[in-house]
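Oh and the sequence shown: position 18 is 18 in UniProt numbering, straight run, nothing missing. All C-beta atoms, glycine included, are put in the ideal place defined by N, C-alpha and C.
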Amino acid sequence: MTTSAGTTTGWYPVARAAEVGTKPLPVGAGGRAYVLVRLRPGAEVSAFPARCPHRLVPLSAATVVDGRLTCPHHGWQYDGEGRCVSLPSLGPDGTAPPRADLPVPWAVEERHGWVWLAPERTAVPAPPRPTADTAPEPAPAPPPPDGPVLGNLDPALESAWHPVALSRELRPGGWLQVRLLGRTWTLRRTDRLEVDPPAFGVRERLGVVWLAPAEPRDVPLEFPEDADRRFVTGWLPPRRSAGTAAVLTDVLLDVSHAPFLHAATSGAADHPEVPAYDVQPEPGGLRSAHEQWFDAVTDPGVATGERPLRQRRRATRVLRAPFQLLLREEFLDSGAVTVVQFLLQPEDADSTRVYTRLLLSAGPGHPLPAPADVEREVAFRQRVLDEDLALVAHVAGQGLPLSVRDELHVRADRLGVALRRALCDFVVSAPRQDREAA
């Protein structure tokens with residue numbers, strides 16, 4: 001049997017050899033999670049731990065590029081020995097830290113039609129012959145982080161304002177049932193907003209209905225473009241993610257994944273290096289700005305030849321903990337400005353609703369964006385968001401590690417580190433009874 005073979009010899013049969021190709025295959029050996037892959041068609045089998053150490057993204061979602069296992073999130077690349085040979089955000093002269101290397105199993109053998117793993121050194125020089133009872137063990141879930149993790153049902157989230165519906169979804173005289181923090185709430189619009197079961201408060205702002213189960217401790221997101229008539233508003237249809245709000249917040253704030261995750265939409269794949277940037281703490285959150293290259297696929301000036309496709313933009317990111325975000329993009333070639341408002345609703349442990357609003361300005365001396373321009377930008381932003389949600393689906397149900405020791409952070413991750421600190425501060429500031437419940 002599989003267990004006895006591994007226990008007595010140190011060798012575990014993990015998959016039929018014919019099952020392993022250039023797409024990573026999740027397997028288990030002695031209760032440990034790995035992926036198997038051939039780094040070139042017909043090449044020998046390589047085995048790697050199940051997750052990238054950077055953001056704990058499952059390497060089952062990785063691809064093989066030029067004979068290297070490539071993480072889909074930030075393009076980190078590994079050779080057959082598990083060495084991190086490319087860390088794009090650091091640039092061509094950057095050096096990957098030692099912790100970036102993957103701890104591969106002691107040995108991998110392809111014998112008798114099976115792939116065998118020896119996670120640790122064993123005195124048995126070769127795998128045993130398979131029997132009629134030989135079978136692989138199920139691929140286990142990767143181990144949870146050692147430190148605290150923020151999920152969608154954390155009691156500390158009771159003490160915050162959360163978006164629960166678009167204002168237009170709750171019609172006069174009507175009612176609406178919503179999910180928040182694992183519970184069902186009923187909203188009613190009479191001469192005022194009402195909620196059942198009773199909560200600390202319900203209100204409207206930024207085009208959204210908000211609910212605070214307990215006395216809120218968060219700082220509201222505010223920005224001048226909200227009332228600026230030089231900006232035209234467009235809403236994306238609300239989307240739902242199987243990932244947690246904290247993980248999605250991390251993805252939306254991240255500055256180094258665009259060349260890889262958004263290569264098909266706006267990412268400049270040939271400019272993956274992230275120059276040094278600063279993050280400024282602010283009451284209730286943070287702010288950061290930096291410039292980057294991108295492909296301006298929705299710029300009308302590109303179609304007329306007035307401006308090149310590859311342009312520069314200055315992106316300012318603002319967070320108000322726990323899950324209110326603002327992205328302000330200044331397009332340096334055209335003078336246009338786009339503001340993207342992200343509001344996340346933690347519905348259940350494995351469900352987050354996403355509200356996305358665009359505010360568009362064509363820049364000084366230009367007329368307001370036409371309806372067709374707004375429609376085109378909404379469709380484009382929807383494609384970009386869908387790419388983010390597809391990545392988050394790979395880590396569905398997992399919370400965000402709040403300890404920086406549970407992941408591997410590099411220079412480009414300053415925003416991610418600051419996010420974890422801001423969320424940690426938010427959780428720690430929860431009333432004592434909420435922390436004890438957690």
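**Message:** Cutting at 6 Å between CB atoms, please list the residues of its own chain near residue 327, excluding the five before and the five after it.
**Reply:** Excluding sequence neighbours, residue 327 sits near 317 and 340.
**Request:** Pull up the distance between the alpha-carbon of residue 174 and that of residue 167, whole angstroms please.
**Result:** Taking the straight line joining both Cα atoms gives about 12 Å.
**Message:** With distance defined between alpha-carbon atoms, name the residue in 183, 68 and 342 nearest to residue 208.
**Reply:** Answer by Cα proximity: 342.
**Request:** Would you mind listing the beta strand (DSSP E) stretches within the region 280–351 that are 3+ residues and don't spill past its ends, in chain order?
**Result:** Within the region 280–351, the complete beta strand (DSSP E) segments at least 3 residues long are 285–295, 310–320, 324–331 and 337–348, listed from N- to C-terminus.
**Item:** Beta-bridge partners of residue 234, as assigned by DSSP
**Value:** Paired residues: 358.
**Message:** Pairs of beta-carbons, one from the region 62–72 and one from the region 244–252, closer than 8 Å: are there three or more?
**Reply:** By the C-beta criterion, the region 62–72 is judged not to be in contact with the region 244–252, since fewer than 3 inter-stretch pairs fall below 8 Å.
**Contact under 8 Å by Cβ, residue 374 with residue 265** = Not a contact, by the Cβ cut-off of 8 Å.
**Asked** What residue range is occupied by the uninterrupted alpha helix (DSSP H) comprising residue 424?
**Response** Residues 414–428.
**Exposure label - residue 243; buried when at least 16 CB within 10 Å** = By the neighbour-count rule (16 or more Cβ atoms within 10 Å), residue 243 is buried.
**Request:** For residue 180, I'd like the list of residues in its chain whose CB is within less than 8 Å of its CB, leaving aside the five on either flank, ordered along the chain.
**Result:** Cβ neighbours of residue 180 beyond the five flanking positions: 162, 164, 211, 213, 345, 346 and 347.
**Message:** Does the region 147–163 come into contact with the region 108–127, if we say contact requires no fewer than three beta-carbon pairs (one atom in each stretch) closer than 8 Å?
**Reply:** In short, these stretches do not touch, since the Cβ pair count stays below three.
**Request:** Tell me whether residue 108 sits in a helix, a strand or coil according to DSSP, three-state version.
**Result:** Of the three classes helix, strand and coil, the one that applies to residue 108 here is strand, per DSSP.
**Prompt:** With 16 other CB atoms within 10 Å as the buried threshold, where does residue 114 fall?
**Reply:** By the neighbour-count rule (16 or more Cβ atoms within 10 Å), residue 114 is buried.
**Inter-residue CB distance, residue 36 and residue 14 (contact presumed, cutoff 8 Å)** = Their Cβ separation, rounded to whole angstroms, is 7 Å, which keeps residue 36 and residue 14 in contact under 8 Å.
**Asked** Closest to residue 54 by CA distance: which of 416, 430, 427 and 424 is it?
**Response** If we check each option's Cα against that of residue 54, 416 comes out closest.
**Asked** How many Å lie between residue 238 and residue 381 at the Cα?
**Response** Our two residues, residue 238 and residue 381, have alpha carbons roughly 12 Å apart in a direct line.
**For residue 220 and residue 386, the rounded distance between their alpha carbons** = Taking the Cα positions, residue 386 is about 26 Å away from residue 220.
**Message:** Let me check one thing: in DSSP terms, what residues is residue 129 bridge-paired to?
**Reply:** DSSP output for residue 129 lists no bridge partner at all.
**Prompt:** Roughly how many whole angstroms lie between the Cα atoms of residue 31 and residue 314?
**Reply:** Roughly 47 Å between the two C-alpha positions.
**Asked** So residue 253 and residue 319 are in contact, right, with Cβ under 8 Å, and what is the actual spacing, rounded?
**Response** Their Cβ separation, rounded to whole angstroms, is 6 Å, which keeps residue 253 and residue 319 in contact under 8 Å.
**Asked** Using a Cβ-Cβ cut-off of 6 Å (strictly less than) and excluding sequence neighbours within five positions of residue 109, which residues of its own chain qualify?
**Response** Taking C-beta separations shorter than 6 Å and ignoring five residues to either side along the sequence, the partners of residue 109 in its chain run 116 and 127, following chain order.
**Request:** Provide the residue span of the alpha helix (DSSP H) that contains residue 186, from first to last.
**Result:** Following the DSSP letters along the chain, one finds residue 186 in no alpha helix (DSSP H) but inside the beta strand (DSSP E) bounded by residues 183–189.
**Asked** Should residue 100 and residue 76 be called a contact, given that it needs their Cβ atoms to be closer than 8 Å?
**Response** Inclusion of residue 100 and residue 76 in the CB contact set at 8 Å is warranted, their separation being smaller than that value.
**Extent of the continuous beta strand (DSSP E) run through residue 398** = For residue 398, there is no enclosing beta strand (DSSP E), as DSSP marks it with neither H nor E.
**Asked** From residue 103 to residue 222, what does the alpha carbon distance come to, in whole angstroms?
**Response** Cα-Cα distance, rounded: 45 Å.
**Message:** Taking the straight line between their C-alpha atoms, what separation do you get for residue 39 and residue 82?
**Reply:** Cα to Cα, residue 39 sits roughly 12 Å from residue 82.
**Request:** Could you pull the start and end residues of the beta strand (DSSP E) that residue 465 belongs to?
**Result:** The first residue shown for the chain is 1 and the last is 438, placing residue 465 beyond what the model contains.
**Prompt:** What's the C-alpha gap between residue 3 and residue 47?
**Reply:** With a pLDDT of 44 at residue 3, under the threshold of 50, the modelled position of this residue cannot be trusted; read the value that follows with caution. Their backbone Cα atoms lie some 19 Å apart in a straight line.
**Request:** Could you tell me which of 414, 398, 286 and 91 sits nearest to residue 447, measuring between CA atoms?
**Result:** Limits of the chain in this structure are 1 at one end and 438 at the other, which puts residue 447 out of reach.
**Request:** Assuming residue 394 contacts residue 61 (C-beta within less than 8 Å), just tell me the rounded distance between them.
**Result:** The distance from the Cβ of residue 394 to that of residue 61 is about 5 Å, consistent with a contact at the 8 Å cut-off.
**Prompt:** Taking the alpha-carbon positions, what's the residue 363 to residue 286 distance?
**Reply:** Roughly 26 Å between the two C-alpha positions.
**Prompt:** In three-state terms, what does DSSP make of residue 200?
**Reply:** DSSP places residue 200 in the coil class of the three-state scheme, outside both helix and strand.
**Item:** residue 158 versus 322, 354, 111 and 45, residue with shortest Cα-Cα distance
**Value:** With distances taken between Cα atoms, residue 158 lies closest to 322.
**Asked** Taking all protein chains shown into account, do 16 or more other C-beta atoms lie within 10 angstroms of the C-beta of residue 366, making it buried, or fewer, making it exposed?
**Response** Flag for residue 366 reads exposed.
**Request:** Confirm, please, whether the CB-CB distance from residue 28 to residue 118 is below 8 Å.
**Result:** No.
**Item:** Enclosing alpha helix (DSSP H) for residue 251 [first to last residue]
**Value:** Following the DSSP letters along the chain, one finds residue 251 inside the alpha helix (DSSP H) bounded by residues 245–253.
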